[in-house]
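Report on the following structure.
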């Protein structure tokens, strides 16, 4: 394993226990994503896309197999180790934005910096990103005063504020209208192009998937070689 | 940043925060009121002891500060009066009528007036008949016992002949013989006050009286010693009682904060999931919950202190003679500290629960 890949999984399995029943969500996933790649993952509901997202993001440990992110083997990482991984290596963008409702947009971004141990002010490069995201004038508003598109832009700013190795986006346009969806997707593409940000995006929408360099299809917990 | 998160959380649910602070304030008020009552009632008793204006107080054998079951034959009053340096001796009979410190005191009014110069009256004057009594302004206010009114004490009807300023020996002063008859204690008193030719002779006279074989083991104290004995530690059971109330305070603080923070953690499950997805450690999440409980505890302490002024006001207006309360600022940090312990302990379970929440489940919480 390695060969320049920033994400690499091999024979990755993940099973959930629901009551007495063990539900296999991932059934041997082999995936490799190179640094600077923008990969879209598509598949029907229950295909295991979100589970793959959670395992790669360090939100849950794999049941078996191997998964490496930026050289770290997540299979052997403890809960605290996965917490550290999320803090510094991974940026998440969720379908429901998941901003802290009590804090302003600026503080939502600042919380991520603070948790990562970065107590310095915003760096000049980040000011540029905020301009690029088009939210510089909306930073002192709380989420309930922002449109869906603005909230998702704030969420993207929060996800990349610590310069993560990978940006994981789970249906980032799922709650947005067409105009805002397009804006967010273009932003992700811009971040990938201009900053070299590795992006792994889950989507149902083939048009959205087309923004990536390549599309990976999933079904029944596996990646389809010939969709 | 942690403080901003905590303050914004508190501001986000103002009613919950306010109710929590109010409920946390209850045990603080409870403790401060109890301590204030202890100090107030004891100070009132001490002031009334000083207000007797005698130099030496003689109590029956085997009596305690608040119990004088064994009487002294009245003949001893004359015996003391003949002792060197003793200018006057007055025997009184005290009987509790309400609680610990509310007593009716029977005395020979002309003899007491001759010894001390008499009571200072707010209205009215000394008793004219055997069933006349004088009461202090606290008692008059609480029992609506205006001058000339008839009131029933110890199943006997009395007429209020005058109202005296508080802090002078007793709340209620009656005729000695009538009280002796009422209590079937004819010819007996339970305290004797001695006035000396010179207060400077107090120690010497006490030494001489204690050396008298007839007075072996009699509690003979200076008025100042007697006044200084009105302390919490000299009241049987009072300190354990205060400790019990403190314990109740901790328990109430514990449950209030536990419930409040448990609800808060449930409400914020998704937000905790967001923080964990950002890489927040268990310690970080726990710190936020405990910091919020700490702030609620501080707010609750302040509310409790303010409410204790409410108790002080109400007690002063409604029952100034039965019970007296003092504001004791020394106890503010103690009551606050006790409640904070309850608050922090109460936040531990919800805090640990939040800290160990599964981020995926938390993020899926609606």
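Chains as they are written, first to last, in our numbering: chain A, 1 to 227; chain B, 228 to 593. By construction, the Cβ of each residue, glycine as well, lies at the ideal position given by its N, Cα and C atoms.
Check your understanding: Rounded to whole angstroms, how far is the Cβ of residue 516 of chain B from the Cβ of residue 574 of chain B, which I believe are closer than 8 Å?
Key -> 6 Å
Practice item. Counting only the same chain and skipping the five closest in sequence on each side, list residues whose C-beta sits under 8 Å from that of residue 476 of chain B. Key: 254, 255, 257, 258, 562, 565, 566, 569
Review point. Where does residue 495 of chain B fall in DSSP's three states?
Key: coil
**Study point:** Start-end ranges of the alpha helix (DSSP H) lying completely within the segment 71-145 of chain A, minimum 4 residues
**Key:** 79-88, 105-115, 124-133
**Study point:** Interface partners of residue 103 of chain A on chain B, CB under 9 Å
**Key:** 231, 232, 235
Check your understanding: Quick one, which of A:193, A:204, A:199 has its alpha-carbon nearest residue 173 of chain A's?
Key -> A:204
Practice item. Tell me the start and end of each unbroken beta strand (DSSP E) in the segment 408-466 of chain B that is at least 3 residues and wholly inside, in chain order. Key: 418-423, 447-449
Exercise for review: Under 8 Å Cβ to Cβ from residue 513 of chain B, same chain only, skipping five residues before and after it: list those, please.
Suggested key: 578, 579, 581, 582
**Study point:** Neighbour list for residue 111 of chain A in chain B, Cβ cutoff strictly below 8 Å
**Key:** 228, 232, 502, 505
Exercise for review: With 7 Å as the limit, tell me which residues of the segment 546-564 of chain B have their beta carbon closer than that to any beta carbon of chain A; keep them in chain order.
Suggested key: none
Practice item. Return the CA-CA distance between residue 13 of chain A and residue 217 of chain A, expressed in angstroms with no decimal places. Key: 17 Å
Review point. Which stretch, first to last residue, makes up the alpha helix (DSSP H) that contains residue 228 of chain B?
Key: No alpha helix (DSSP H) contains residue 228 of chain B, which DSSP labels as neither H nor E.
Review point. Alpha helix (DSSP H) containing residue 312 of chain B: first to last residue?
Key: No alpha helix (DSSP H) holds residue 312 of chain B; DSSP gives it neither H nor E.
Practice item. Please classify residue 161 of chain A: does DSSP put it in a helix, a strand, or coil? Key: coil
Review point. Since residue 217 of chain A is in the beta strand (DSSP E), which residue starts that stretch and which ends it?
Key: 214-219
Exercise for review: Drop a sphere of 10 angstroms on the beta-carbon of residue 459 of chain B, count the other beta-carbons inside from all chains shown, and report buried for 16 or more, exposed for fewer.
Suggested key: exposed
Check your understanding: Would DSSP call residue 290 of chain B helix, strand or coil?
Key -> coil
Review point. Using DSSP with H/G/I as helix, E/B as strand and the rest coil, what is residue 204 of chain A?
Key: coil
Practice item. Go ahead and label residue 97 of chain A buried or exposed: buried means 16 or more other beta carbons lie within 10 angstroms of its beta carbon, across all protein chains shown. Key: buried
Check your understanding: Does any CB atom of chain B fall closer than 7 Å to the CB of residue 98 of chain A?
Key -> yes
Check your understanding: Listing by chain order, which chain B residues have their CB less than 9 Å from the CB of residue 115 of chain A?
Key -> 228, 502, 505, 506, 507, 508, 511
Review point. Residue 92 of chain A CB to nearest chain B CB: under 7 Å?
Key: yes
Review point. Once you ignore the five residues that flank residue 35 of chain A on each side, which residues in its own chain have a CB closer than 6 Å to its CB?
Key: 6, 198
Review point. Residue 274 of chain B: which of B:238, B:546, B:393 sits nearest, CA to CA?
Key: B:393
Review point. Is the shortest distance between the beta-carbon of residue 567 of chain B and the beta-carbons of chain A less than 7 Å?
Key: no
**Study point:** C-alpha distance - residue 525 of chain B paired with residue 507 of chain B, whole-angstrom precision
**Key:** 26 Å
Review point. Which of the three DSSP states, helix, strand or coil, is assigned to residue 35 of chain A?
Key: coil
Review point. Is it true that the CB of residue 105 of chain A sits closer than 7 Å to the CB of residue 139 of chain A?
Key: yes
Point to revise | Distance CB(residue 415 of chain B)-CB(residue 298 of chain B) smaller than 7 Å | key: yes
Review point. Per DSSP, what kind of secondary structure is residue 329 of chain B in: helix, strand or coil?
Key: strand
Point to revise | Nearest candidate by alpha-carbon position, reference residue 208 of chain A, set A:220, A:194, A:221, A:177 | key: A:177
Practice item. Please report the residue range of the alpha helix (DSSP H) in which residue 248 of chain B lies. Key: 241-277
Practice item. For the segment 183-203 of chain A and the segment 26-43 of chain A, state whether three or more C-beta atom pairs, one from each stretch, are separated by less than 8 Å. Key: yes
Review point. Sorted by chain position, which residues of the same chain lie with C-beta nearer than 8 Å to residue 232 of chain B's C-beta, five sequence neighbours on each side aside?
Key: 515
Review point. Cβ atoms of residue 527 of chain B and residue 221 of chain B: under 7 Å apart, would you say?
Key: This structure cannot settle anything about residue 221 of chain B, because the visible part of chain B is limited to 228 through 593.
Review point. Are there 16 or more other CB atoms within 10 angstroms of the CB of residue 76 of chain A, so buried, or fewer, so exposed?
Key: exposed
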